[in-house]
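Residue numbers (the working numbering): 9 to 222.
Don't be surprised by glycine CBs; every beta carbon is placed ideally from N, CA and C.
Let me begin by presenting the structure, written as C-alpha cells, before commenting on it.
As C-alpha cells, then:
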C-alpha cells in the first residue's frame with residue numbers, strides 16, 4: 009500500500025493486539041464508524057502521514073486482509089500490553105525493513121488522532137541528540153502512551169523488560185531513557201483528538217464526532 013510519506017527510516021504501526029474486554033460483540037477494531045471499520049479509518053489517517061505501515065494484531069491475520077497491510081502478532085507470550093505491540097513492530101522491521109530506525113505507533117481504537125501527529129512527533133525527535141529518545145503524545149493534561157515514536161536501538165532492552173523482568177508498564181520503560189513529552193492541542197470544541205473507543209457508549213459518541221474530525 010502506498011502512503012503519504014517516503015521516509016524509509018520511520019515505520020508506522022497500528023497497535024491492535026490487545027483484548028477488547030469492555031466492548032461487547034465483534035472485535036473492537038472491526039466495529040464500524042460512519043460505514044468503515046475503525047482500523048480502516050486509522051490506517052487511512054496514518055497513511056497520509058507515514059511511509060509504510062504494519063498492523064500488530066493477534067489471531068488469524070486473514071480477518072485484516074482487506075487492509076492490505078502486513079500483520080505481525082505479538083512476539084512475546086501472555087498479551088503483555090502495548091509494549092508487546094511495540095516490540096512486535098520492531099521485530100518485523102528488523103526482519104523486513106532494515107532501513108527503519110524508529111517505529112511510530114498509534115492505537116487501533118483512536119480514530120481522530122491529529123492529522124499532524126507524525127509531523128509533530130518527528131519534529132520533537134529531530135530536536136534531540138540522544139539516540140535513545142522516546143517521544144510520547146500528551147493532550148489536555150493526559151498522556152497517551154500508545155502514541156509514541158520508539159527507536160529500534162531499544163529493541164533488545166524492550167525484550168528484556170517484557171520477558172526477563174516481567175514488566176509491562178509503558179511509562180516505566182520509557183522513563184529509563186530520554187523521554188520527550190509532545191503536547192497536542194485540544195480541538196476547537198474542546199474534544200480530545202486522542203479520544204479512544206472502549207465501550208458501546210464511546211462508539212456512539214464517536215459517531216457524533218465524525219463530522220468534526222480534522
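What residues in its chain sit with their C-beta under 8 Å from that of residue 147, if we drop five residues either side in the sequence? As a first step, residue 147 is located in the chain shown; it is residue number 139 there, counting from the start. Cβ neighbours of residue 147 beyond the five flanking positions: 191, 192, 193, 194, 200, 201 and 202.
May I ask you to verify whether the stretch 95-104 touches the stretch 153-169, counting CB pairs closer than 8 Å and requiring at least 3? yes
Can you tell which of 61, 87 and 209 has the C-alpha that lies nearest to the C-alpha of residue 110? Taking the first residue of the chain shown as position 1, residue 110 is located at position 102. The option with the nearest alpha carbon to residue 110 is 61.
Can you grab the Cα-Cα spacing for the pair residue 11 / residue 172, in whole Å? Taking the first residue of the chain shown as 1, we reach residue 11 at position 3. Taking the first residue of the chain shown as 1, we reach residue 172 at position 164. Its pLDDT being 40, under 50, residue 11 is placed unreliably by the model, and nothing is read from it.
Would you be able to state if there are at least three C-beta pairs under 8 Å between the stretch 38-54 and the stretch 64-78? yes
For the alpha helix (DSSP H) holding residue 154, just list the boundary residues, first then last. One-based indexing of the chain shown puts residue 154 at position 146. Unbroken run through residue 154 is the beta strand (DSSP E), 150-159; no alpha helix (DSSP H).
Which of the three DSSP states, helix, strand or coil, is assigned to residue 125? Translated into positions along the chain shown, residue 125 becomes position 117. Helix at residue 125.
In this structure, how does DSSP classify residue 50 when only helix, strand and coil are distinguished? Sequence index remark: in the chain shown, residue 50 carries index 42 (1-based). DSSP places residue 50 in helix when its eight states are reduced to three.
Nonlocal neighbours in the same chain, by C-beta distance under 6 Å from residue 169, ignoring five residues either side: In the chain shown, residue 169 corresponds to position 161, counting from 1. Contacts found: 175 and 181.
Among 36, 55, 89 and 42, whose alpha-carbon lies nearest the alpha-carbon of residue 167? As a position in the chain shown, residue 167 is number 159, starting the count at 1. Considering only alpha carbons, the answer is 89.
Please confirm if the stretch 112-131 is in contact with the stretch 205-213, defined as three or more CB-CB distances below 8 Å between the two stretches. yes
Can you find the residues in the same chain that come closer than 6 Å, C-beta to C-beta, to residue 80, ignoring five residues on each side of it along the sequence? Locating residue 80 in the chain shown gives position 72, where the first residue counts as 1. Closer than 6 Å at Cβ, skipping near neighbours: 62, 64, 96 and 100.
Nonlocal neighbours in the same chain, by C-beta distance under 6 Å from residue 221, ignoring five residues either side: Against the chain shown, residue 221 aligns to sequence position 213. Here residue 221 scores only 44 on pLDDT, less than 50, and its place in the model is too uncertain to base an answer on.
Helix, strand or coil for residue 57 per DSSP? The sequence position of residue 57 within the chain shown is 49, counting from 1. Residue state, collapsed to three classes: coil.
With 16 other Cβ atoms within 10 Å as the buried cut-off, status of residue 215: As a position in the chain shown, residue 215 is number 207, starting the count at 1. Result: exposed.
Hey, residue 158 and residue 142 are a contact pair by Cβ (cut 8 Å); roughly how many whole angstroms apart? The residue labelled residue 158 in the question sits at position 150 within the chain shown. The residue labelled residue 142 in the question sits at position 134 within the chain shown. So it is a contact: roughly 6 Å between Cβ atoms.
Is the beta carbon of residue 112 less than 7 Å from the beta carbon of residue 22? Reading the chain shown from its first residue, position 104 is the one you call residue 112. Reading the chain shown from its first residue, position 14 is the one you call residue 22. No.
Taking only beta-carbon atoms, is residue 96 less than 7 Å away from chain C? Reference to chain C is not applicable here, since this structure consists of a single protein chain.
Tell me the rounded alpha-carbon separation between residue 127 and residue 57. As a first step, residue 127 is located in the chain shown; it is residue number 119 there, counting from the start. As a first step, residue 57 is located in the chain shown; it is residue number 49 there, counting from the start. Using only the alpha carbons, I get a separation of about 7 Å.
Going by DSSP, which residues form a beta bridge with residue 147? As a first step, residue 147 is located in the chain shown; it is residue number 139 there, counting from the start. In the DSSP output, where bridge partners are listed per residue, residue 147 has 150 and 192.
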